[in-house]
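Below: the structure, in structure tokens.
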């Protein structure tokens, strides 16, 4: 996925990611929300309240600024941004390098965390793209507590588990944010399978200096 250079391009890519996320079982019905911005911008587009990620159209996005104000769109049929807009806004405030945030509800990531296990990185892709996993305690969706806790974790991690809820993955562009979300769920699935086999220790052999890169 190439980096989008226009707001229209961002929306087109978010529509594609939403459809893929539902098709792969990462989210159901009107769960989850997506956002993106152009590099250096203090405005971002975010899915509107009540939208289904596999049925998005360009009118299903609100434009907000980093003060939390709606400055454009969405259509009259969707007058409000997602109830989770603070989750996106607060993360952008602490991560100037982040230009996209994918918030979905991946089953294995939520389950493994709810059972009290850490998600282990087991493959090169997990280590390169996820690298580390943050987490928050449970807070009501749309709350300041959830948004602030997630943003604090995002200072140090590109993937954050929201306890008993879902995950938030961020990246320098939409493709990277979604790639991280997918690898997080794959790592969680691998962790779950390892646990069913009685293994609690297998993990990727991370170099001491953390210097790894994909081929």
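Residue numbers (this note's numbering): 627 to 841.
Beta carbons: idealized from backbone N, C-alpha and C, even for Gly.
Quantities reported herein were computed from a predicted structural model and do not represent experimental measurements.
Check whether residue i and residue j have beta carbons under 8 Å apart
| i | j | result |
| --- | --- | --- |
| residue 648 | residue 692 | no |
| residue 786 | residue 760 | yes |
| residue 645 | residue 674 | no |
| residue 817 | residue 745 | yes |
| residue 828 | residue 748 | yes |
| residue 772 | residue 782 | no |
| residue 790 | residue 710 | no |
| residue 806 | residue 756 | yes |
| residue 753 | residue 830 | yes |
| residue 676 | residue 656 | yes |
Run of the beta strand (DSSP E) containing residue i, from where it starts to where it stops
| i | result |
| --- | --- |
| residue 730 | 726-730 |
| residue 787 | 785-788 |
| residue 673 | 669-673 |
| residue 761 | 759-762 |
Cβ-based neighbour list, residue i, same chain, cut-off 7 Å, excluding 5 preceding and 5 following
| i | result |
| --- | --- |
| residue 796 | 717, 721, 724, 726, 727, 780, 784, 803 |
| residue 735 | 745, 787, 793, 810, 811, 814 |
| residue 774 | 716 |
For residue i, three-class secondary structure by DSSP
| i | result |
| --- | --- |
| residue 633 | helix |
| residue 685 | helix |
| residue 776 | helix |
| residue 750 | helix |
| residue 709 | coil |
| residue 719 | helix |
| residue 694 | coil |
| residue 796 | strand |
| residue 666 | coil |
| residue 769 | coil |
| residue 782 | coil |
| residue 650 | coil |
Cut-off 6 Å between Cβ atoms - residues of its own chain near residue i, not counting five sequence neighbours on either side
| i | result |
| --- | --- |
| residue 776 | 713, 762, 786, 794 |
| residue 706 | 675 |
Residue span of the alpha helix (DSSP H) that contains residue i, given as start and end
| i | result |
| --- | --- |
| residue 804 | 800-822 |
| residue 662 | Residue 662 -> not in any alpha helix (DSSP H); beta strand (DSSP E) instead, spanning 659-662. |
| residue 735 | 733-740 |
Other residues of its chain near residue i: CB distance less than 8 Å, five sequence neighbours each side excluded
| i | result |
| --- | --- |
| residue 639 | 627, 630, 662, 800, 801 |
| residue 633 | 664, 671, 689 |
| residue 683 | 641 |
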